[in-house]
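Residue numbers (the working numbering), protein chains in the order written: chain A, 260 to 470; chain B, 3 to 275.
Heads up, the thing below is written out as structure tokens.
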């Protein structure tokens, strides 16, 4: 049986796994953005906190993903088998690109523009929300785009700790030594990554033109 | 040229009339220094200067003479290290910096326009922050755009990147005028355009300053611009005021620095007349 035949005959199962995969990615990205964006804002004027936060996020990124899932399993409260452990690992992976790009975007705004804003009597909050963030938005979105593509890929490993998703087919295919089954997981995952990259990229270009 | 001189005369008369009042901006023995890695560097020292309502003051000096720092002391973008600065009779330290700045128009080179905002959003920024009602915003937008010679409707939704250099400078002036401030600070506002556009903008500025009766402090390194636009020229060198004179007196000054400026621009008392 080739990959196409497998996909057609198991389409309901593949669709269900794709949905689980998407849910994993969306929840993880929402949490990662909810943490990465404010922390990115916070570290702009705090060099010491910046060093610690960026170092922490960089170290997380160096841990092999399968190992990170493994490390989390025995931990109380956050560990164990299932989707919530996978989400924690995915969030930790997605943090670095979001955090770094938020910081780079915010600090990359032309100082002359910021001084003009200050000279016109804008408050710090107004400068942040009306000038800095809009001008940094395309760079921040580029970080979110990178993080999303990474998360879609890494989420396939989440199946190893019982979180479901498209990784189920990949692990099953490896066990069965069947390319067709591996591809039934790998192709939809790759398509999802391409689609996310394309859509966020379009939005990013739009924001860049506006800025 | 004749019209220009007449407009300048009118400007000088306006300034003289308001001279009897207290100065609108006053520097008393002001110093400004900055800390670099290990040392403190004096940028301005011994600055005492009175600026009266309706005057157009040109701060003239070479690069690094401290003229832009002096300008930024007025709206609190820089803080003096000694001495006192009064704006509208109040010590600068008693002003809420946000209130102070919203009452002062600020024009810097074209880079100061916000690239993500349209012309209208740029122009109406301070009135919007001040929560003006929509109809007042609209009428003020039209008024200031017309004052700087731009069609309000045509430019409304354009972004700064879609404008020529001269148009951007005009939008910059319109934005500074929008909240109807008494004081206008201009940092080389006509710097980034070609000579023809520059002359045109200068002419328009003169007639605008005459009509609107603003107090203007203008930073320039161009002695021609200072002579053309100012009612008084304040010459700075290495952080100190070395001369203060009306344009007519300025061309006759003996100060070697003033002579250097005039010589560089090939101007003298005879040539100007």
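Virtual Cβ for every residue (Gly too), placed ideally from N, Cα, C.
Residue-level contact to chain B via CB, residue i, 9 Å cutoff
| i | result |
| --- | --- |
| residue 385 (chain A) | yes |
| residue 363 (chain A) | no |
| residue 399 (chain A) | no |
| residue 303 (chain A) | no |
Proximal chain B residues relative to residue i, where beta-carbon distance stays under 8 Å
| i | result |
| --- | --- |
| residue 382 (chain A) | 100 |
Residues bridged to residue i (per DSSP)
| i | result |
| --- | --- |
| residue 220 (chain B) | B:60, B:188 |
| residue 84 (chain B) | B:33 |
| residue 251 (chain B) | Answer by DSSP bridge pairing: none, since residue 251 (chain B) is not bridged. |
| residue 89 (chain B) | B:27, B:92 |
| residue 44 (chain B) | B:35 |
| residue 53 (chain B) | B:27 |
| residue 238 (chain B) | B:63, B:243 |
| residue 108 (chain B) | B:187 |
Minimum Cβ-Cβ distance from residue i to chain A less than 9 Å
| i | result |
| --- | --- |
| residue 118 (chain B) | yes |
| residue 89 (chain B) | no |
| residue 271 (chain B) | The predicted position of residue 271 (chain B) is uncertain, since its pLDDT is 48 and thus under 50; a value taken from the coordinates is nonetheless stated next. No, no contact with chain A. |
| residue 127 (chain B) | yes |
| residue 111 (chain B) | yes |
| residue 55 (chain B) | no |
| residue 114 (chain B) | yes |
| residue 75 (chain B) | no |
| residue 104 (chain B) | yes |
| residue 72 (chain B) | no |
| residue 177 (chain B) | yes |
| residue 220 (chain B) | no |
| residue 295 (chain B) | With chain B represented from 3 up to 275, any question about residue 295 (chain B) goes unanswered, as that position is not in the structure. |
| residue 187 (chain B) | yes |
| residue 61 (chain B) | no |
| residue 94 (chain B) | no |
Amino acids of chain B, ordered along the chain, whose beta-carbon sits closer than 7 Å to that of residue i
| i | result |
| --- | --- |
| residue 393 (chain A) | 118 |
| residue 390 (chain A) | 116 |
Close Cβ partners of residue i (< 8 Å) along its chain, the five nearest in sequence each way excluded
| i | result |
| --- | --- |
| residue 423 (chain A) | 276, 279, 280, 283, 342, 417 |
| residue 381 (chain A) | 389, 390 |
| residue 2 (chain B) | Any question about residue 2 (chain B) goes unanswered here, given that chain B covers just 3 to 275. |
| residue 273 (chain B) | Below a pLDDT of 50, predicted positions are generally treated as unreliable, and residue 273 (chain B), at 47, falls in that range; the measurement from the model is reported next regardless. No residues qualify anywhere along the chain. |
| residue 419 (chain A) | 325, 328, 426, 430 |
| residue 42 (chain B) | 35, 36 |
| residue 116 (chain B) | 123, 124, 127, 162 |
| residue 131 (chain B) | 104 |
| residue 87 (chain B) | 27, 28, 29, 30, 32, 75, 76, 93, 94 |
Within chain A, the residues that residue i reaches when beta carbons sit closer than 8 Å
| i | result |
| --- | --- |
| residue 108 (chain B) | 375, 378, 379 |
| residue 79 (chain B) | 374, 377, 378 |
Cβ-Cβ separation, residue j to residue i (assumed contact under 8 Å), whole Å
| i | j | result |
| --- | --- | --- |
| residue 150 (chain B) | residue 170 (chain B) | Not really, about 11 Å apart at Cβ, beyond 8 Å. |
| residue 353 (chain A) | residue 412 (chain A) | With 8 Å as the limit, residue 353 (chain A) and residue 412 (chain A) do not qualify as a contact, their Cβ atoms being about 11 Å apart. |
| residue 49 (chain B) | residue 185 (chain B) | That belief does not hold up - the Cβ atoms of residue 49 (chain B) and residue 185 (chain B) are roughly 17 Å apart, past 8 Å. |
| residue 356 (chain A) | residue 405 (chain A) | 4 Å |
| residue 286 (chain A) | residue 346 (chain A) | 6 Å |
| residue 125 (chain B) | residue 146 (chain B) | 6 Å |
| residue 238 (chain B) | residue 62 (chain B) | 7 Å |
| residue 299 (chain A) | residue 358 (chain A) | 5 Å |
| residue 55 (chain B) | residue 241 (chain B) | Contact flag wrong, Cβ pair sits at about 27 Å. |
| residue 79 (chain B) | residue 378 (chain A) | 6 Å |
| residue 456 (chain A) | residue 262 (chain A) | Not confirmed; about 22 Å, so no contact. |
Contact set for residue i: own chain, Cβ-Cβ below 7 Å, skip 5 residues either direction
| i | result |
| --- | --- |
| residue 167 (chain B) | 112, 194, 195, 199 |
| residue 91 (chain B) | 24 |
| residue 400 (chain A) | 459, 462, 463, 466 |
| residue 440 (chain A) | 265, 428, 431, 432 |
| residue 339 (chain A) | 332 |
| residue 108 (chain B) | 77, 178, 187 |
| residue 366 (chain A) | 303 |
Cβ neighbours of residue i in the same chain (closer than 6 Å, five flanking residues each side left out)
| i | result |
| --- | --- |
| residue 159 (chain B) | 120 |
| residue 319 (chain A) | 351 |
| residue 152 (chain B) | 172 |
| residue 202 (chain B) | none |
Neighbouring residues, chain B, relative to residue i (Cβ below 9 Å)
| i | result |
| --- | --- |
| residue 371 (chain A) | 110, 111, 113, 114 |
Chain-ordered neighbours of residue i on chain A, where CB pairs are closer than 9 Å
| i | result |
| --- | --- |
| residue 165 (chain B) | Those within 9 Å of residue 165 (chain B) in chain A number zero; the least Cβ separation is about 16 Å. |
Closer than 7 Å at the beta carbon, the chain A residues around residue i
| i | result |
| --- | --- |
| residue 1 (chain B) | As displayed, chain B neither begins before 3 nor continues past 275, which places residue 1 (chain B) out of reach and without an answer. |
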